[in-house]
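Enquirer: This is the structure I want to talk about, given as C-alpha cells.
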Amino acid sequence: MNQIDVYGIGNALVDKEFEVEDSFFEEAGIEKGFMTLIEEDKQQQLLDLLSSRYPLKKQAGGGSAANSLYALSQFGGKAFYSCKVANDEPGDFYMAELGNHNIETNLLPQREAGTTGRCLVMVTPDAERTMLTHLGISQYVSDQDLQPESIKQAKYIYIEGYLVTSDSARAAARRLRQIAEENQVKTAMTFSDPAMVEYFRDGVNEVLGDGVDILFCNEQEAKIWSDEDDFEQACNKLKTVAARFAITRGARGARLFDGTSYIDIAAHNVKAVDTNGAGDMFSGAFMYGITQGMSFQQAGELASLAAATVICEFGPRLTPDAHNAVLQKFLAA
280 MNQIDVYGIG NALVDKEFEV EDSFFEEAGI EKGFMTLIEE DKQQQLLDLL SSRYPLKKQA
340 GGGSAANSLY ALSQFGGKAF YSCKVANDEP GDFYMAELGN HNIETNLLPQ REAGTTGRCL
400 VMVTPDAERT MLTHLGISQY VSDQDLQPES IKQAKYIYIE GYLVTSDSAR AAARRLRQIA
460 EENQVKTAMT FSDPAMVEYF RDGVNEVLGD GVDILFCNEQ EAKIWSDEDD FEQACNKLKT
520 VAARFAITRG ARGARLFDGT SYIDIAAHNV KAVDTNGAGD MFSGAFMYGI TQGMSFQQAG
580 ELASLAAATV ICEFGPRLTP DAHNAVLQKF LAA
C-alpha cells in the first residue's frame with residue numbers, strides 16, 4: 280500500500296524576492312528570464328544593491344521540487360522531500376517552512392555546518408522572474424540523502440531539473456530513479472528552467488535516461504531541448520523521452536499528452552504580477568490530481584487554475600487556505 284504520493288529531490292533554497300525594472304538587468308549584466316548560478320560573494324553584493332534600491336517583497340522557502348511538493352501537500356497529498364540544508368539561520372527558516380506544512384524529509388535536527396542555499400528572485404513589471412542562485416550546501420545533495428524505504432512507498436518520484444548542475448546531485452537522481460524503477464514506482468521530472476536545457480543539456484539527458492513516465496516543462500524549454508522552433512515538432516520529440524507530458528504555455532494555457540492523445544487546457548484570464556513558482560505550482564497541483572485518481576484533463580484543469588492563482592501575488596506558494604479555496608472552486612466547476 281502506497282503511503283506517500285510523491286517522493287521528490289531538489290535544491291533547498293530560501294527565496295528573497297524583489298520587484299525591479301528591466302533597466303536593472305542591463306546595468307548589473309544579468310540575463311533576464313533565466314536562472315543563473317553565482318558565487319556567494321557576488322550574490323551578497325547584488326543582494327546589497329537590490330536592498331538599497333528596492334524593498335524586499337517576500338522571503339519564503341523555495342526550490343522547484345519543494346514548491347511543487349508544498350502545493351501537493353496543501354491540497355491534501357502526502358509528500359517526502361530529500362534535500363540538504365545547513366545548520367544556520369536560513370536553514371532554520373527553511374525547516375520551519377517545511378515542518379509547518381507536513382512534508383516529511385531526510386533532514387535531522389542537527390544539520391551539517393555550512394551555508395543554506397539562497398535565491399535572489401527579481402520580478403519585472405511584465406511579471407517575468409529572473410533568478411540568481413547560490414546553492415550553498417545544496418550543491419552537495421547526494422545519494423546519501425535518499426531514504427530507500429520511503430521511495431518504495433511512493434506512487435511517484437519527482438526530480439527537478441536544477442539538480443543537473445551538480446555531479447553528486449545527478450548521481451543521486453540516477454540512484455533515485457533506479458530504486459523507483461526496481462520497485463515499480465513511476466518517475467516524473469521537470470526541466471525547471473530554460474537555462475538547464477540551454478546550458479546543461481547533457482546533464483538533463485543523463486537524468487532523463489531511457490525516459491520518464493511524466494515530464495513537465497514550459498514551451499520555451501520544450502523548444503530548446505528538442506532544438507525545434509515549431510511547437511508541434513517539439514511535442515513529437517518529447518514523446519521519445521516521456522510516456523506522458525505536460526507543457527505550460529503561459530497565456531495560451533497548457534498542452535498535455537496522456538500517452539495516447541493531446542489535451543489542450545485553456546488558460547485563465549488573470550493579471551499576473553509574479554510568475555515565480557507558476558510552473559512549480561502547476562506540477563504540484565497536477566501530481567496531486569493524478570495521484571488522487573483524477574484524469575489527465577481533470578489534473579490539468581486543476582493545475583491551470585492553481586497556477587493562475589499563484590501568479591496573482593508575490594511568492595511561489597499560496598497559503599493553506601488559498602489552496603483549499605482553489606480546490607473547492609475546481610470541484611464546484
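Numbering (the working numbering), first residue to last: 280 to 612. Cβ coordinates follow ideal geometry from the N, Cα and C atoms, glycine included. Quick caveat, the model's predicted, so the values are computed rather than measured.
Whole angstroms are fine: how far does the CA of Thr394 sit from the CA of Ser350?
Expert: What you label residue 350 is simply residue 71 of the sequence shown in a count that begins at 1. What you label residue 394 is simply residue 115 of the sequence shown in a count that begins at 1. Looking at the sequence itself, residue 350 is Ala, so the reference to Ser does not match. So the two alpha carbons sit approximately 26 Å from each other.
Enquirer: If you compare alpha carbons, which of Arg449, Asp294, Ala459 and Gly482 is closest to Phe372?
Expert: Numbered from 1 along the sequence shown, position 93 holds the residue referred to as residue 372. Among Arg449, Asp294, Ala459 and Gly482, the Cα nearest to that of Phe372 is on Asp294.
Enquirer: With DSSP as the reference, label Ser583 as helix, strand or coil.
Expert: For this step, residue 583 is matched to residue 304 along the sequence shown. Helix.
Enquirer: Below 8 Å, can you find three or more Cβ-Cβ pairs linking the region 557-572 to the region 300-308?
Expert: no
Enquirer: For the region 506-525 against the region 486-497, do three or more pairs of beta-carbon atoms, one drawn from each stretch, fall closer than 8 Å, so that the two count as touching?
Expert: The answer is yes - the region 486-497 touches the region 506-525, with three or more Cβ pairs under 8 Å.
Enquirer: Please return the same chain residues whose Cβ sits closer than 8 Å to the Cβ of Tyr541, not counting the five positions on each side in sequence.
Expert: Position 262 of the sequence shown, counting from 1, holds the residue named residue 541. Contacts found: Cys514, Arg534 and Leu535.
Enquirer: How many angstroms separate the CA atom of Glu391 from the CA atom of Ser417?
Expert: Position 112 of the sequence shown, counted from the start, is the residue given in the question as residue 391. Position 138 of the sequence shown, counted from the start, is the residue given in the question as residue 417. Rounded to whole angstroms, Glu391 to Ser417 spans 11 Å at the Cα level.
Enquirer: I need the DSSP call for Cys413, collapsed to helix, strand or coil.
Expert: Here residue 413 corresponds to residue number 134 of the sequence shown, with the count starting at 1. The question names Cys, yet the displayed sequence has His at residue 413. It is a strand residue.
Enquirer: Which of the three DSSP states is assigned to Ser352 in this structure?
Expert: Counting from one through the sequence shown, the residue named residue 352 turns up at place 73. Helix.
Enquirer: Across which residues does DSSP place Tyr567 in a beta bridge pair?
Expert: In the sequence shown, the residue the question calls residue 567 occupies position 288. Tyr567 is not bridged to any residue.
Enquirer: In the DSSP assignment, find the unbroken alpha helix (DSSP H) run with Phe510 in it and report its ends.
Expert: Sequence index remark: in the sequence shown, residue 510 carries index 231 (1-based). Phe510 to Leu517 is the span of the alpha helix (DSSP H), which, as asked, contains Phe510.
Enquirer: State yes or no: is the C-beta of Val400 within less than 9 Å of the C-beta of Phe524?
Expert: Along the sequence shown, read from residue 1 onward, the residue named residue 400 stands at position 121. Along the sequence shown, read from residue 1 onward, the residue named residue 524 stands at position 245. No, the Cβ-Cβ distance between Val400 and Phe524 is not below 9 Å.
Enquirer: Where DSSP assigns a beta bridge to Phe297, which residues make up the other side?
Expert: Indexing the sequence shown from 1 puts residue 297 at position 18. Leu335 and Met401, per the DSSP bridge assignment.
Enquirer: What is the DSSP secondary structure of Asp367, counted as helix, strand or coil?
Expert: Residue numbering aside, residue 367 sits at position 88 when the sequence shown is read from its first letter. Per DSSP, reduced to three states, the secondary structure at Asp367 is coil, with no helix or strand assignment.
Enquirer: Mapping DSSP to helix, strand and coil, what is Met573?
Expert: As a position in the sequence shown, residue 573 is number 294, starting the count at 1. Residue state, collapsed to three classes: coil.
Enquirer: Comparing alpha-carbon positions, which option in Glu318, Lys337, Lys434 and Ala459 lies nearest Ile569?
Expert: The residue you call residue 569 lines up with position 290 of the sequence shown. Nearest C-alpha to Ile569: Lys434.
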